[in-house]
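The block underneath contains the structure these notes are about, expressed in structure tokens.
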Amino acid sequence: MRIPNSDTEHDSLILDSWDRCRSFGLEHDSQPGLQQLGSSECKVLREEHNSLVHTTGQEVLPFYENILSNSKCMILLTDCRGQVLNGWGDQRFVGQRQKAFFQQGTSWLEKTHGTNAIGTAIASGQAVQVQRDEHFLKANRFMIGSAAPIFDVNRDLLGVLDVSSDAYLPQAHTLGMVKLMSQSVENRLIINTFGAEHFLLTFNTNLDNLDSQWSGLLVFNEEGTIISANRRAELLLGYDLALVSISQLFDCPLRELKNQPELQPLQLRTPGQHHMYGVVKRPIERVIQAVDFRQHKADGNSTPPGSPSGDNRTAPTAGNGVIGLDQIGYGDARVDRCVRQAERIIEKDIPILIHGETGVGKEVFVKALHQHSSRSRFALVAVNCAAIPGELVESELFGYEKGAFTGASNKGAIGLIRKAHKGTLFLDEIGEMPLQAQARLLRVLQERKVTPLGSTESYPVDIKLVSATNRCLRSQVQEGLFRQDLYYRVTGLNIELPPLRERTDRRNLFQQVHLMHRDPSQSAPLSEELLNLFDQHPWPGNIRQLISVLQIALAMADEDAIEPWHLPDDFFQDIEQQRNALPEPTGSAPVNTLTTRTLPEKEAAPWPASTAAAPAQDATSTDETLAAYSLHEGNISRTAKALGISRNTLYKRLRDLGLRQS
């Protein structure tokens, strides 16, 4: 019998399962075997898996009420042996003869039920969707099942989460939801097990994706050893994380990670030079101690100066405010040209595509542009195409009618495109959009109408389309990853925001970002010494990294002016790395070895002119120096004593690191 699915990987999964069923002696006409535990055994089973049942039912499923609100689907949670632990939803689609198979203690392994979502997920260790005719036993072909395995904190199979129904409906969205739910359960189990005593690091490739269940999650102890990790972490890092040190994964000192302000984003870099973004959650005991210390220090004020009070993750903006278009640039010709071009196009029916590295402020630019336009009275809907799991993109963008798929809300969903009607639709990371969703988006842009999933009715939409990418879409077109016809629909005006390291107005920008993020009590401006240091930095994370560096420095400085030792260690490592990567200067003319341009004398960097004049410290001595200098708050005598070196040697090291000019 032909498997009714065109996905080769999926076909192989089902065919392998059918082969196993035959080896069990099953035939298509065989009846499912009812293997069910007694009431006392069921009680023991539930007690054994109490944490899994509680986490799933009380901490995860309430956030997916769209699934529960569907009257014709049922959610089953099983253990690793396929035995039902609990069920939620409605059994009305289940016939009287089948109801016993959905009770607690019943097994759904392949050897008794043939190919089915739960049993096949256990056998393969993968998420799977089994359509009606893909069930090996004809008796089970009344339903469609979508199941995903759940792994415990040791990465052993713990159970399976399944959504089943009898609906003749598209099911891709349902499989995506089940994957998301199982990942949510795994994450909660990790947090509940380790959060009280260990550090938690959540990270992803994009800052806007950090609150997604698809983020990587690492648990590490005081020594930096990885205690546990979710599956996504290993996928993002391409690394077996069993008992490795976190210093092997990221170029970020352990001390900085442990002292990172609670849930304040920071930039991370892997040894392969891939950039990540993360937030650290400290052990509960340390959080309590830190709060008590700050309260005592502030004499009753529980909010420490410089602590983040709003979402500052995407732009040089105060709190959640939107900066004006005239505040995007401070004199850089390329930025000014981008602003002028966008101003002329914003009221015309021409799409805008913004290119730029991660962190240059693409979303900030779009917000300012929207606020400047006549559409500002209506919504700006920002969609990060990389943050939505592939199976969910279409339903999120285009909406769906009630009952459009298993797990669809009884009220349906309007979709993000229709929410942007008369306003602006911003598709960030558009190069990450799945090809199937690209085809539907193309039709929307051509017809200016949206047809929700499961509907025959189309709704007119009036949107200003702005897209952004840090990839080369033209190359993706050539590789077959992006539709050529859609490419020409989204590329009307192409503008490129320059990286921070290339902006000629960056010194003004440094001061403005500092002003926008400092506490009112921190009135001192950035010193010339700090501006020189900032001017020499390569800023691989651009404005987003600048904000993070300043937030850390402001928190370290408390009410004092920021000094170099308040800056995070990886700030200096970035400078040192760039310095070592550039060729050694020749001739007698003074050359700045930290940047590709020659600085005027008044902007001369506080670094030696060549590596011959001042050999670079090795990584170990650099880290030790920075750690001691920071620990002793810049006190030369105490730092030199702690390092066991003379004051002159320490001064020399600090000059090499750009921390002293004389």
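Residue numbering for the sequence shown follows the working numbering, beginning at 956 and increasing consecutively. All C-beta atoms, glycine included, are put in the ideal place defined by N, C-alpha and C.
Here the alpha carbon of Ile1030 sits roughly 54 Å from the alpha carbon of Leu1581.
Within a 10 Å sphere around the beta-carbon of Ala1368 sit 16 or more other beta-carbons, which makes this residue buried. A direct Cα-Cα distance of roughly 37 Å separates Ile1105 from Val1432. Under the 10 Å beta carbon count, Asn1339 is surrounded by 16 or more other beta carbons and is classified as buried.
Non-local C-beta neighbours of Phe1097 in its own chain, meaning closer than 6 Å and more than five positions away in sequence, comprise Asp1121, ordered along the chain.
For Gly1131, the uninterrupted alpha helix (DSSP H) segment begins and ends at 1127 to 1149.
When C-alpha distances from Pro1238 are compared across Cys1035, Ser1331, Ala1151, Gly988, the shortest belongs to Ala1151. Three or more pairs of CB atoms, one per stretch, sit closer than 8 Å, so the region 970 to 981 contacts the region 1063 to 1071.
A distance below 8 Å between beta-carbons, with the five flanking residues on each side excluded, links Asp1417 to the following residues of its chain, in chain order: His1376, Lys1377, Arg1403.
When the beta-carbon positions are compared, Ile1278 and Lys1213 stay at least 9 Å from each other. Per DSSP, Phe1205 lies in no alpha helix (DSSP H) segment and is marked neither H nor E. With distances taken between CA atoms, Ser1350 lies nearest to Arg1395 out of Lys1317, Arg1395, Phe1320. Considering only Glu1356, Lys1317, Ser1422, the residue with the shortest C-alpha distance to Gly1386 is Ser1422. With respect to the 9 Å criterion, Leu1007 and Asp966 are not classified as neighbours on the basis of their beta carbons. At a Cβ-Cβ threshold of 9 Å, Ser1200 and Thr1180 count as neighbours.
In the DSSP assignment, Lys1404 forms a beta bridge with Pro1415. With a threshold of 16 other beta carbon atoms within 10 Å, Leu1190 falls short and is exposed. The beta-carbon separation of Leu1605 and Thr1594, rounded to 6 Å, stays under the 8 Å limit for a contact. Contact annotation: Pro1415 and Gly1354 have beta-carbon atoms that are not nearer than 9 Å.
DSSP, reduced to helix, strand and coil, places Val1199 outside both helices and strands of the structure shown, so it counts as coil. Setting aside the 5 residues that flank it on each side, Ser1119 is surrounded in the same chain by Met1029, Met1098, Gly1100, each with a C-beta closer than 6 Å to its C-beta; the list follows chain order.
With at least 16 other beta carbons inside 10 angstroms of its own, Arg1461 counts as buried. Taking the C-beta atoms as reference points, Glu1141 is found no nearer than 9 Å to Asn1109. For Asn1147, the closest of Val1174, Asn1164, Gly1435 by C-alpha to C-alpha distance is Val1174.
Separation of Gln1466 and Val1294 (C-alpha to C-alpha, rounded to the nearest whole angstrom) is 21 Å.
Burial state of Leu970 is exposed, judged by a 10 Å Cβ sphere holding fewer than 16 other Cβ atoms. With contacts defined by Cβ atoms closer than 9 Å, Leu1218 and Tyr1232 do not form a contacting pair. Listed as beta-bridge partners of Ile1099 by DSSP are Ser1120. One Cα belongs to Leu1221, the other to Leu1452, and the distance between them is close to 22 Å.
Judged by DSSP secondary structure, Asp1034 falls outside any alpha helix (DSSP H) and instead within the beta strand (DSSP E) spanning 1028 to 1034. Here Gln1203 is exposed, its C-beta having fewer than 16 other C-beta atoms within 10 Å. Going by DSSP, His965 is part of the alpha helix (DSSP H) stretching over 963 to 978.
For Thr1075, the CB contacts under 8 Å within the same chain, skipping 5 residues up- and downstream, are Leu968, Ile969, Ser972, Glu1065, Val1083, Val1085, Ala1102 in chain order. If you compare the alpha carbons of Gln1528, Val1039, Val1015 with that of Val999, the shortest gap goes to Val1039.
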